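Okay, so here's the structure we're looking at.
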DNA sequence: GTTAGCACTCCATAGAAAAGAGTGCTAATA
DNA sequence: TATTAGCACTCTTTTCTATGGAGTGCTAAC
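Residue numbers (my numbering), protein chains in the order written: chain B, 36 to 391; chain R, 36 to 391.
So this is what it looks like as structure tokens:
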């Protein structure tokens, strides 16, 4: 059987109605509120076909029909084609003035949630380059050193090193020189065992300080690369606005995932791989078990220089895909604007904060 | 009317039974499962008295009684007296080996939640001293400086300063000397306008760098003092285990507060003021609106040197107060153990991380 | 002071009945 | 041949009623 124009119109009507109401929609509704001028009986016949084709199902005999994942998929694919690049300006972003990166991101995700009435997530931008830029040891007191490591993208990490023996300013100076000349400009993979043992030898009695510095480097790079990257969420309570998600069972599982955050990484990773497009996961398509009853829409934002993160919306399958995608695009644009677009990448971001 | 021994026994039995079942408890239950050997009729008379005294209420005529906030309060106060300091060892804390402070705290709060089956919160330790310990400017490139500020308690904050004009190593050196000699050892209140304009004058053309450094100082102190301090929560999904909290309305509000976190500050503040004891908020006593149907138990932990934070449990009013208080005590003890007890305060904590 | 007994209240549960929504099928129609 | 009207049928939802049970309060007896 083929999905002809009329079937498509009807399917579309069903989807849209269901998006609004969340209730199964019957033939009569479609017949009345479409300009097809067909009787409910005809619609019924078509619906029967559509059901056979797998686009809609009945929750039970003698209920209306609801769209299947497949229908949503069709609908979304069509949307993507239709709306080319019409980014509507979200006027009141209001985030320009907040100075701290982390605060801004929290704001953004909150905004996204309250704007869409769904749950929002945002992964902090992480740097893909990972070259060591600058290492500094400073003496706090004879038995304590402050170690600061800066990697490209101006991610800063500090660490306090406790010493067994006293150390002099001069020794600290030497160590600084040594570390910077040998490690600066290198990536994680370039700092190999040979180099490490070399440097340790040169450091002589202070080799264990070198070890600690390397730990810090490893840590910041690891933190930036995977697992541990920051994810913010907001609007978890919005799931209670959609009855189909708010029974104890489901709600509990969802809340739990949102709280744990680590599985949300899956979206970030998938989003990274897919390039900078907008990604839509409908029901079973989701990589996250507890969201098989939801739809998730994600987008990648880029801050120039390979610094990138992911924003996403989690809602019921009957979410307003159009509005959600628009919101994501707008927010992505705003993030670019605030933190430096590709255009002005020459002037570094006004103020990039250290990692959390 | 007076709360004599018998009334008390009965009230206690009512509370305990209700804690277990969550259902209103009737006179017959008490008569059977207490060793008072009184008939249900007698119990009924006493219950009638207890109701008059405000310790129990009937949800409706011809239901059993449930304890009021007042009854819980009595019960808890009694508990505190009874259990002096019998800290039961929680064997499997398993946190000793994780090196990063933040990770440990997240672990701890997760543990607390899963151990108690309630929702847990934890505020990261914050320092009460707030003296500047060390300031460092380092040149990243001719137009960028890295500014690191360390305050007592080894809280580290960094910030990147963008410059209008190039700067030389020598100028950086001079600025470092100036800043450290003038600001080190001072508290926020000691850094006043007079001093600031003095230093700015001495800094000459680089006075705006001084401003930025001061901003960083202000920020770290502000972050440590109030508003913005880190709070971790875990086990939000546990509220679904208690029917009296898991209707959409209530659950939504609770989840929302837990997510926003900022109002949870109220508990931290209150806890700070109350000293290091254990604090119990029953229903209406809670400073947080959305938790009027819950009980909240908090405890302050101290890491020596004035570094302190709060741990807390949020659950239904019929929570197992005894176990919760024990858990809190145990966790508090463990935190001390891991991060350095008062005893070994000479040897600073193995590894205190920078603020998030 | 304690208890047995009883009438009474209220809630929870189950079932039956009614109402409603929607379908599928058939036969008539354009 | 495609469309439609009509109707029987199915299944859910809602409403109502009846019934049982839990628990109380009161009274009278011990």
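Note that beta-carbon positions come from the ideal geometry of N, C-alpha and C, so glycine has one too.
Quick caveat, the model's predicted, so the values are computed rather than measured.
Spatial neighbours of residue i in its chain, beta-carbon cut-off 8 Å, leaving aside the 5 residues before and after
i: residue 275/R; result: 281 and 286
i: residue 301/R; result: 322 and 323
i: residue 36/B; result: 84, 87 and 88
i: residue 227/R; result: none
Proximity winner among the options, relative to residue i (alpha-carbon distances)
i: residue 58/B; options: 171/B, 95/B and 253/B; result: 95/B
i: residue 186/R; options: 84/R, 147/R, 198/R and 252/R; result: 252/R
i: residue 35/R; options: 267/R, 208/R, 55/R and 221/R; result: Not covered by the structure: residue 35/R. The range shown for chain R is 36 to 391.
i: residue 200/B; options: 244/B, 214/B and 233/B; result: 244/B
i: residue 318/R; options: 279/R, 309/R and 300/R; result: 279/R
i: residue 22/R; options: 38/R, 55/R and 69/R; result: Nothing can be reported for residue 22/R, as the shown portion of chain R is limited to 36 through 391.
i: residue 364/B; options: 343/B, 312/B and 170/B; result: 312/B
i: residue 309/R; options: 372/R, 77/R and 345/R; result: 345/R
i: residue 56/R; options: 277/R, 232/R and 366/R; result: 277/R
i: residue 335/B; options: 296/B, 142/B, 354/B and 307/B; result: 307/B
i: residue 206/R; options: 69/R, 180/R, 352/R and 97/R; result: 180/R
i: residue 333/B; options: 228/B, 359/B and 232/B; result: 359/B
i: residue 411/R; options: 371/R, 355/R, 372/R and 347/R; result: Outside the displayed span of chain R (36 to 391) sits residue 411/R, for which this structure offers no information.
CB contact flag (residue i, residue j, <8 Å)
i: residue 15/B; j: residue 177/B; result: There is simply no residue 15/B to check, as chain B begins at 36 and stops at 391 in what is shown.
i: residue 316/R; j: residue 331/R; result: yes
i: residue 89/R; j: residue 105/R; result: yes
i: residue 52/R; j: residue 64/R; result: yes
i: residue 221/R; j: residue 234/R; result: no
i: residue 357/B; j: residue 114/B; result: yes
i: residue 190/B; j: residue 271/R; result: no
i: residue 62/B; j: residue 79/B; result: yes
i: residue 193/B; j: residue 182/R; result: no
i: residue 406/R; j: residue 138/R; result: It is not possible to answer for residue 406/R, since the shown part of chain R is limited to 36 through 391.
Short CB-CB distance (under 8 Å) between residue i and chain B
i: residue 407/R; result: Not covered by the structure: residue 407/R. The range shown for chain R is 36 to 391.
i: residue 187/R; result: no
i: residue 41/R; result: no
i: residue 152/R; result: no
i: residue 35/R; result: Residue 35/R is absent from the model: chain R starts at 36 and stops at 391.
i: residue 291/R; result: yes
i: residue 286/R; result: yes
i: residue 221/R; result: no
i: residue 191/R; result: yes
i: residue 271/R; result: yes
i: residue 280/R; result: no
i: residue 83/R; result: no
i: residue 325/R; result: no
Cβ of residue i within 8 Å of any chain R Cβ
i: residue 169/B; result: yes
i: residue 294/B; result: yes
i: residue 338/B; result: no
i: residue 253/B; result: no
i: residue 231/B; result: no
i: residue 75/B; result: no
i: residue 218/B; result: no
i: residue 302/B; result: no
i: residue 283/B; result: yes
Chain-order list of residues whose beta-carbon lies under 6 Å from that of residue i (same chain, five-residue window excluded)
i: residue 47/R; result: none
i: residue 269/B; result: 144, 145, 148 and 155
i: residue 219/R; result: 167
i: residue 362/B; result: 150 and 151
i: residue 230/B; result: none
i: residue 247/R; result: 196
i: residue 392/B; result: Absent from the model: residue 392/B. The displayed extent of chain B is 36 to 391, so no value can be given.
i: residue 128/B; result: Reliability of the predicted coordinates at residue 128/B is poor, the pLDDT of 35 falling under 50, and the value obtained from them is presented with this limitation in mind. 369.
i: residue 298/R; result: 292 and 323
i: residue 389/R; result: In this prediction, residue 389/R has a pLDDT of 36, which is less than 50 and means its spatial position is unreliable; what the coordinates show is noted afterwards. For residue 389/R, where only same-chain residues beyond five positions count, the Cβ hits under 6 Å are 191.
Same chain only: Cβ atoms within 7 Å of residue i, ignoring 5 sequence neighbours per side
i: residue 100/R; result: 49, 59, 60, 82, 86, 91, 92 and 93
i: residue 349/B; result: 153, 154, 156, 326, 329 and 331
i: residue 288/B; result: 325
i: residue 305/R; result: 314 and 322
i: residue 140/B; result: 157, 159 and 267
i: residue 210/B; result: 172, 238, 241 and 244
i: residue 76/R; result: none
i: residue 74/R; result: 66
Problem - Contained alpha helix (DSSP H) runs [length at least 4] in the region 162 to 232 of chain R, N- to C-terminal order - result: 204 to 218
Practice task
Taking only runs that begin and end inside the region 311 to 355 of chain R, name each unbroken alpha helix (DSSP H) of 4 or more residues, in chain order.
Solution key: Taking only runs of at least 4 residues, no alpha helix (DSSP H) segment lies wholly in the region 311 to 355 of chain R.
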